[in-house]
Structures are given as structure tokens and as C-alpha cells.
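Residue numbers (my numbering), protein chains in the order written: chain C, 7 to 204; chain Y, 312 to 643. Below: the structure, in C-alpha cells.
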Amino acid sequence: MARMKFLCDSDRCIECNACVTACKNEHEVPWGINRRRVVTLNDGKPGERSISMACMHCTDAPCAAVCPVNCFYTTADAVVLHDKDLCIGCGYCFYACPFGAPQYPKLGNFGSRGKMDKCTYCAGGPQADDTAVEYIQYGANRLAEGKLPICAEMCSTKALLAGDGQIIAAIYKERVTRRGYGSGAWGWRTAYQEDMPA
Amino acid sequence: MIRILALLLALCAAGPALAQTAAPPPFTDRGQLSASELEFRAALKGERISGRVSIPDQQAANLIQPEGLDWRGFHNRTLAWIAGIAVLGMGGLLALFFLVRGRIRIAGGWSGHTLQRFSLLERANHWMVATSFLILGLTGLNLTFGRHLLLPVIGPVAFTALTQAGKYAHNFLAFPFTLGIVVMLLLWARDNVPEKADLAWLKQAGGLMGHGHPGAGRFNAGQKTVFWLTVFGGGIVAASGYVLIFPFSVTDIGGQQLAYIVHGVLAALMFAAMLAHIYIGSVGMEGAFDAMGTGQVDYNWAKEHHDRWVEAQVTKARQTVTPRDAKAAGAD
Chain C
7 MARMKFLCDS
17 DRCIECNACV
27 TACKNEHEVP
37 WGINRRRVVT
47 LNDGKPGERS
57 ISMACMHCTD
67 APCAAVCPVN
77 CFYTTADAVV
87 LHDKDLCIGC
97 GYCFYACPFG
107 APQYPKLGNF
117 GSRGKMDKCT
127 YCAGGPQADD
137 TAVEYIQYGA
147 NRLAEGKLPI
157 CAEMCSTKAL
167 LAGDGQIIAA
177 IYKERVTRRG
187 YGSGAWGWRT
197 AYQEDMPA
Chain Y
312 MIRILALLLA
322 LCAAGPALAQ
332 TAAPPPFTDR
342 GQLSASELEF
352 RAALKGERIS
362 GRVSIPDQQA
372 ANLIQPEGLD
382 WRGFHNRTLA
392 WIAGIAVLGM
402 GGLLALFFLV
412 RGRIRIAGGW
422 SGHTLQRFSL
432 LERANHWMVA
442 TSFLILGLTG
452 LNLTFGRHLL
462 LPVIGPVAFT
472 ALTQAGKYAH
482 NFLAFPFTLG
492 IVVMLLLWAR
502 DNVPEKADLA
512 WLKQAGGLMG
522 HGHPGAGRFN
532 AGQKTVFWLT
542 VFGGGIVAAS
552 GYVLIFPFSV
562 TDIGGQQLAY
572 IVHGVLAALM
582 FAAMLAHIYI
592 GSVGMEGAFD
602 AMGTGQVDYN
612 WAKEHHDRWV
622 EAQVTKARQT
632 VTPRDAKAAG
642 AD
């Protein structure tokens, strides 16, 4: 099995936000929820660069570590998913996530934030693959169809790479070698480092 | 002429080097940090890496917030240890105290006479705070320990149902709890002002260890401690809780993480302190529960624990029965 990762080559990202739109369209994500977003650092200044960011599907994921109801699980492809039937919408994963991935539909009063929603790496949820119930709760399950996440698949400059960590890292390294520069894999140190706090 | 020749030579020599640097220099040579280095430094400084987003949700402008990992460490380790030691430690101490000291009896025995200690309003308010505090505390502990203790026993579906109900109870009971704290402050603040006699009471540890009873007014130094802990501790726990109930209405994610830390630590310590309060008000002391039960306490109990309060009550009662200007029968 592969170890799925995202890698955003910020020297290629043109902040077109097509990944954000494609994600919302593919999964019918409701208003107010952005599973993916594009952040521009040093906007309008020298060294400006944009990075497309979503759930990084961390090794030893902080969200799973702090969840009081243990609703997270990691698939054989190392994709971090959660069971919305178990989620109580407490917000702990949001406090712990280094990437601001967990989102909450703002329904009801007094912090009734609803079930947490985040990037599924286009891998659906615990329901049976590619069923209507899975689609309503989690969106499309492209991985089950043998496809990669839509955000990376349709990226016009191929800045956003998705796939096995070793393969996309090799593609990125080759780019850096050829063009002679690169800023590195954003979030990789935080998401995939070996020694993590408990 | 020689100078121009030298320049030409130098240019020829530099030719291949210029061709090599036609591509932009490596990223790090342009005075910018690589992603990894930037993340490392941000984590060291506890700073967020933020930029600009074109979607309406400005919270999404945070690219990486390394404090999340610190929060994880707090929630999973620090808070679990603090709450575990505080609650279990207090439970152990109270059990040990009960074994050594036993139930503190009324030294003079039951007198059969009672006097009013707490009015219906005072008792109703006390129990409103007490029941909401207990449910708040237990549902809070469930969020920290339930996953390890209860989830393996009752299974994920039942545990989620329970924890979800607990979350709603926790959110809504915050309001009667806060109201009760305010009412308590209005009802009892006057009698809980620290005084000199409290030092003597504290010096004798309230007679908990020996058998003497240091003098006290309506509330002794121990009760005053519980009172101010409830008012201030409860106030801060409530305030930090509201920050979390209404996410982003007061502060950003950093503020919410801090509010959670304050809320968790203080609530765990208060829960432990209230275990001692519950103990001494029930099994720990004969005659104590009546104060908050019927509101009527035994005269001997009151005399032993709150002598100055009893004196004041008795004086007041005499004045009511025989007004100050009343004359003895047959005096005229």
C-alpha cells in the first residue's frame, strides 16, 4: 500500500483557487466549509508565494490523538479519516490541528457546531465505498475508483501533487534539480516528522 | 589598452560561470527560508505562519499553527496528569482522613433544639450550583478520561451518545451555574469577608486534627476558602468556558487554546476541592448536612462550629422576643 501525501510546489502555485473550487464541487461541500484553501504568504512583497493547504493526513495525527470519542482512523493508504456518526463536534481536533483542517457547519446555538468536516483525500468515509450515504456524509470516494484527489488531478500548473509520498517527493526533487530552486515541501516537517509529542 | 585587454580576459574566464548562473539562484540564496526551516522556527517561537486568503473565512489564512502540537501535549499529558492526581489524590486523602479521624461527632451530642442556618433561597441556590457543578465536572472529566476508561467498556456508539448528551449538558448547565455563582456572591459575600479570627482557625487547622473547636462566625476560614474558590474559580472557569461555547466570538484560535488550558486546569482543581467540601458536608461530620438539607442545624453542632454566629443569633432572637425597651413585669 502507498503512503499518501500532498505536496504543494509553491514555486508553481499561481493562486488560481481552482483546487478549492474543484474540491467544493466534487464533494458538494456546504457553504462556509473549505476543505482546501490557498494561502498567500508575503502578499505583494518580494518572496510572495501561494500554498494550497488542506488536511495533510499526518503521521501520528494530532486530531486522532486528542479526539475524546476516538472517531478517527487511518486507512491502509495512510489517509486520516473520521466517522461522523461518532463525532460530537467538540472542536478539540480543531485546536490541535497544525493546518486548520477541521471545519464545522455553523448550525444551532451555543457551540453546536455540527459534525466536523475535513479533507478526506477523496477517500470518503467509513460507509461502504461509493454509496449514496457515503457521498452525503463525506463526498466522493475517488480513491475507491482508482483515482487521485481531484484538487491535485486538475491543478493547471501541477503545483499540487498527490500520491505516494516517495513518488511525489521524487517528482518534486527532480523539478528542483532541473530548475535549480525550490522552497521545500510545505507542512511536511510538521505533518510527517518522526518524533511527536504524545 | 592593457586594462581593456585584462577586462576582456577576465570576461572570457567568467563566461562559463555566467552561463551556469543564468537560472535563478537556489531558493535559500535569495534570503528566504525553506518551508522546513520556516516551520521549525515558527514551532520554536510558537508563532503561526499566516498569509492572505481570498475566501471570506479569514481564520483560513493561518497556514500552519504549531501551537496545536503544544495544545495536544497539554490535553493528552499535562491536563490528564493534573486532573488525575488532583481528583484521585483528593479521594485518597479523604479516605485516609476518614480512616484516621472517622466521622467528626457532635461533642455535646444532639441537643434536640435547632436553629435556622440557611433559608430556602440559599439552599435552593446552593443545590442549583451543586447539581450543575457535578454534572459539568463529570462530563468534563469524561472528555479527558472517558475515551480510556468508559469507551472500552460500553463501546463507541453508546459512548458517543453519552458524550454527545454530556456536551449539551455541559454547554447549557454553564448558565444556571453562572447564575448561581452570582446569587451566592450576593447572598454570602458579607459573611465571608476574611477576619483576624480566621488566622487562629487556620493555625489550629479548624480543629480537624485535634479535638478543640476554634471559634468562628457564620462561616469559618475553611468555608470562606471554599466560598472564594467557588466565586473566583467558578467565575474564571465560566468565563473561559463561554469563550469556548461561542467560538471566535471573543478571540482567535490561540485565545481559545489558552481558554481551554485555563478552563481545564482550574476546573480539575475545583472538582478536587469540592470533593473535600462534599465529604465534610456529608459523611465527614455529624450534623453538618442539615444546614443545606432542612436548613435547621442542631444547637450543639452550631455552638461547637460557629460559636460567635450562634451568640449573634441568640442575641437577635432575644431582642425579637423581648424588645429592647420592654420592661420586666411589675416594674412600674
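Where a beta carbon is used, it is the ideal one built from N, C-alpha and C, also for glycine.
query	result
Cβ neighbours of D502(Y) in the same chain (closer than 6 Å, five flanking residues each side left out)	R529, F530
Three-state class that DSSP yields for L519(Y) in the structure shown	coil
Near-chain Y residues of the region 182-195 of chain C (beta-carbon distance less than 8 Å), N- to C-terminal order	R185, G186, Y187, G188, S189, G190, A191, W192, G193, W194, R195
Per-residue DSSP class, three states only, for C19(C)	coil
DSSP state of D123(C) mapped onto helix, strand, coil	strand
Interface flag, I174(C) vs chain Y, CB-CB below 9 Å	no
Beta strand (DSSP E) segment containing N373(Y), residue limits	373-375
Check whether Y6(C) and C25(C) have beta carbons under 9 Å apart	Nothing can be reported for residue 6(C), as the shown portion of chain C is limited to 7 through 204.
Collapsed DSSP secondary structure at H88(C) in the structure displayed	strand
Classification of F488(Y) by the beta-carbon crowding that lies within 10 angstroms, buried from 16 upward	buried
Interface residues of chain C facing I589(Y) [CB-CB closer than 8 Å]	Within chain C, no residue comes near I589(Y); the closest Cβ sits about 25 Å away, beyond 8 Å.
9 Å Cβ cutoff, Q567(Y) in contact with chain C	yes
Chain D residues whose Cβ lies nearer than 7 Å to that of G97(C)	Within the model displayed, chain D is absent; protein chains C and Y are what it includes.
Within chain Y, the residues that L92(C) reaches when beta carbons sit closer than 7 Å	P467, T471
beta-carbon A158(C) near the ligand COA non-hydrogen atom, thresh 8 Å	In the structure on display, the ligand COA does not appear, and there are no ligands present to speak of.
C25(C) in three-state terms, based on DSSP	helix
Residues sharing a beta bridge with F78(C), DSSP	H88(C)
Cβ of M59(C) within 9 Å of any chain Y Cβ	yes
Endpoints, alpha helix (DSSP H) assigned at G575(Y)	564-592
N76(C), buried or exposed, once every other Cβ within 10 Å from all chains shown has been counted against 16	buried
Chain C contact for W438(Y) (CB, 9 Å cutoff)	no
Beta-carbon gap between G169(C) and A150(C) smaller than 9 Å	no
M439(Y) - containing alpha helix (DSSP H), residue span	431-452
Cβ-based neighbour list, C323(Y), same chain, cut-off 6 Å, excluding 5 preceding and 5 following	The pLDDT assigned to C323(Y) is 49, lower than 50, so where the model puts this residue is not dependable, and the model offers no usable value.
Cross-chain neighbours of N40(C) in chain Y, by beta carbon under 7 Å	I366, D368, A371
Residues within the region 30-55 of chain C neighbouring chain Y, beta-carbon criterion of under 8 Å	G38, N40, R43, V44, V45, T46, L47, N48, D49, G53
Below-9 Å beta-carbon distance, F582(Y) vs any chain C residue	no
Residue-level contact to chain C via CB, Y479(Y), 9 Å cutoff	yes
C-beta neighbour in chain Y for E180(C), strict 9 Å	no
Within-9 Å CB hit, Y610(Y) to chain C	no
Runs of alpha helix (DSSP H) wholly within the region 355-402 of chain Y (minimum 4 residues, chain order)	378-384
I156(C) classed as buried or exposed, judged by whether at least 16 other C-beta atoms fall within 10 angstroms	buried
Chain Y within 9 Å of R119(C), Cβ atoms only	yes
Cα-Cα separation between T5(C) and P505(Y), rounded to whole angstroms	No information on residue 5(C) is available, as it lies outside the stretch 7 to 204 that chain C covers here.
Touch test, the region 534-553 of chain Y against the region 464-473 of chain Y, Cβ-Cβ under 8 Å, three pairs minimum	no
C-beta atoms of D49(C) and R352(Y) nearer than 9 Å	no
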